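For the sequence shown, the tail end lands on 503 under this note's numbering, and the numbers increase by one without skipping.
Glycine residues also receive a C-beta, built at the ideal position from the N, C-alpha and C atoms.
As the structure is a computational prediction, the values presented were derived from the model and not from experiment.
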Amino acid sequence: MSVAKKEYKRITTKTLVDMKKRGEKISMLTAYDYTMAKIVDGAGIDVILVGDSASNVMAGHETTLPITLDQMIYHAASVIRGVERSLVVVDIPFGSYQSDPKEALRSAIRIMKESGGHAVKVEGGKEIKESVKRILNAGIPVMGHLGLTPQSIYKFGTYTVRAKHEEEADKLKEDALLLEKAGCFAIVLEKVPAKLAEEVAKSLTIPIIGIGAGGGVDGQVLVTHDMLGMTHEFNPRFLRRYLDMYAEMTNAFKAYSIDVKKGDFPNDDEQY
Ligand code: KIV
232 MSVAKKEYKR
242 ITTKTLVDMK
252 KRGEKISMLT
262 AYDYTMAKIV
272 DGAGIDVILV
282 GDSASNVMAG
292 HETTLPITLD
302 QMIYHAASVI
312 RGVERSLVVV
322 DIPFGSYQSD
332 PKEALRSAIR
342 IMKESGGHAV
352 KVEGGKEIKE
362 SVKRILNAGI
372 PVMGHLGLTP
382 QSIYKFGTYT
392 VRAKHEEEAD
402 KLKEDALLLE
412 KAGCFAIVLE
422 KVPAKLAEEV
432 AKSLTIPIIG
442 IGAGGGVDGQ
452 VLVTHDMLGM
462 THEFNPRFLR
472 RYLDMYAEMT
482 NAFKAYSIDV
492 KKGDFPNDDE
502 QY
C-alpha cells in the first residue's frame with residue numbers, strides 16, 4: 232500500500248542545519264492546541280514549539296514547573312493534528328528527565344510515541360549531558376535550552392538577563408559546545424546578552440534560536456500568546472507585539488454580549 236505524497240516539503244532537523252549553512256533565519260513560535268497550530272503552520276513558521284510555557288499561558292500557573300508529562304503529551308498530540316509542514320518540538324517538563332537518564336529516555340519515548348512529536352527540548356547543559364545522550368542514542372532528536380531556563384527559576388530566583396558576567400558566560404559557551412558535540416540539532420538561548428549569543432551562534436554549526444538574545448543568532452522564537460498581545464501583563468524588552476488581541480478579543484466579547492442582551496443576536500438569517 233502506498234501513501235499519497237503531499238505537495239509541501241516538511242521541515243526536518245536537517246533542514247534547520249542547512250538553513251544555518253545558507254544563512255537563512257529560522258522562525259519558531261509556540262502552540263499548544265490544534266487550531267493555533269494549524270494557523271501557525273499555515274503561515275509558514277519553520278518550527279512549532281509545544282513549550283512548557285503552556286503551564287503559564289494555558290493553565291495560568293505562575294511558573295512552568297507544575298505542568299505534567301501527560302498534559303504536555305495532550306497538548307503536543309493536539310498540535311500534531313494541525314501541522315503539515317513545521318517541525319514540532321515538545322518540551323520535556325520539569326521532573327520528567329532530571330533525576331536520571333533512564334527516566335529522561337522513558338519520558339522522551341512517551342512524547343514521541345503518544346503525541347507524534349518530531350523532537351524534544353530539554354533545559355540545561357553539563358548537568359543533563361547523560362540524559363541528552365541517552366535520548367539521542369534512541370534516535371530521538373534533541374533541542375537544548377540554555378541561558379534563562381525557566382524550570383530552574385527557584386534556583387536563580389529571578390527572570391533577569393543571564394550570563395552577564397564572565398564566569399556564567401564561559402559556562403554557557405562550554406555547555407553549548409557540549410550539547411553540539413553530544414548531538415543536539417539546535418539550541419534555544421533565552422535572555423542573554425546579544426554579543427554573547429552571537430559569539431555562540433558563530434562558534435557552532437547547529438542553529439541557535441534566540442528569545443531575548445539579539446539578532447546575531449540563527450533564528451527567533453516567541454511565545455505566540457505574547458506576540459499576539461493576548462497576555463498584556465507580560466512586557467519584557469525583547470517582546471514585539473504584532474497584534475493587540477487582548478483589546479480585539481475584549482471588544483468582540485463585549486459586542487457579542489450587547490447583541491445577546493438586546494436580542495439582536497441571532498437575527499433572522501442566523502437561525503433555522
Ligand atoms: O516553553 C517555552 O515556550 C519556551 C520558549 C520560551 C523558548 O521554552
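Since I believe residue j is in contact with residue i (beta carbons under 8 Å), could you give me their beta-carbon distance rounded to a whole number of angstroms?
i      : j      : result
Val419 : His376 : 4 Å
Glu361 : Pro332 : 5 Å
Ile439 : Ala432 : 4 Å
Ile304 : Ile342 : 6 Å
Ala335 : Arg365 : 6 Å
Leu410 : Gly356 : 6 Å
Ser330 : Leu300 : Contact doesn't hold; Cβ gap of about 13 Å is too wide.
Would you decide whether residue i is buried or exposed? Buried here means 16 or more other CB atoms lie within 10 Å of its CB.
i      : result
Tyr328 : buried
Pro372 : buried
Gly370 : exposed
Ser434 : exposed
Val491 : exposed
Arg393 : buried
Pro467 : exposed
Ile279 : buried
Thr391 : exposed
Lys240 : exposed
Ile489 : exposed
His456 : buried
Just curious, the beta strand (DSSP E) that residue i is in, first and last residue?
i      : result
Glu421 : 417–421
Thr299 : Taken as a continuous stretch (DSSP letters only), Thr299 belongs to no beta strand (DSSP E), as it is neither H nor E.
Lys352 : 350–352
Ser258 : 257–261
Asp322 : 318–322
Gly273 : No beta strand (DSSP E) holds Gly273; the alpha helix (DSSP H) holding it covers 265–273.
Val314 : No beta strand (DSSP E) contains Val314, which DSSP labels as neither H nor E.
To the nearest angstrom, report how far apart residue i and residue j are at their CA atoms.
i      : j      : result
Gly326 : Thr295 : 11 Å
Asp449 : Arg472 : 21 Å
Gly275 : Arg316 : 8 Å
Val281 : Ala262 : 5 Å
Lys422 : Gly388 : 15 Å
Gly291 : Asn498 : 36 Å
Ala478 : Leu367 : 44 Å
Thr246 : Val319 : 13 Å
His306 : Asp264 : 6 Å
Gln382 : Ile359 : 13 Å
Gln451 : Gln302 : 26 Å
Leu453 : Ile257 : 12 Å
Gly348 : Lys493 : 47 Å
Glu293 : Asn287 : 6 Å
Asp401 : Phe469 : 23 Å
Alpha helix (DSSP H) containing residue i: first to last residue?
i      : result
Thr391 : Where Thr391 is concerned, there is no enclosing alpha helix (DSSP H), given that its DSSP letter is neither H nor E.
Ala285 : 285–288
Met461 : Neither: Met461 is in no alpha helix (DSSP H) and is coded neither H nor E.
Ile279 : Counting along the chain, Ile279 falls outside any alpha helix (DSSP H), though it belongs to the beta strand (DSSP E) covering 278–281.
Could you tell me if the beta carbon of residue i falls within a distance shorter than 7 Å of some heavy atom in the ligand MG?
i      : result
Met289 : Summarising the ligand content, the structure contains the ligand KIV and does not contain the ligand MG.
Problem set entry | By C-beta, the residues closer than 7 Å to any heavy atom of the ligand KIV, given in chain order | Thr261, Leu280, Gly282, Asp283, Ser284, Thr295, Asp322, Lys352, His376, Pro381, Val419, Glu421, Ile442, Val452, Val454
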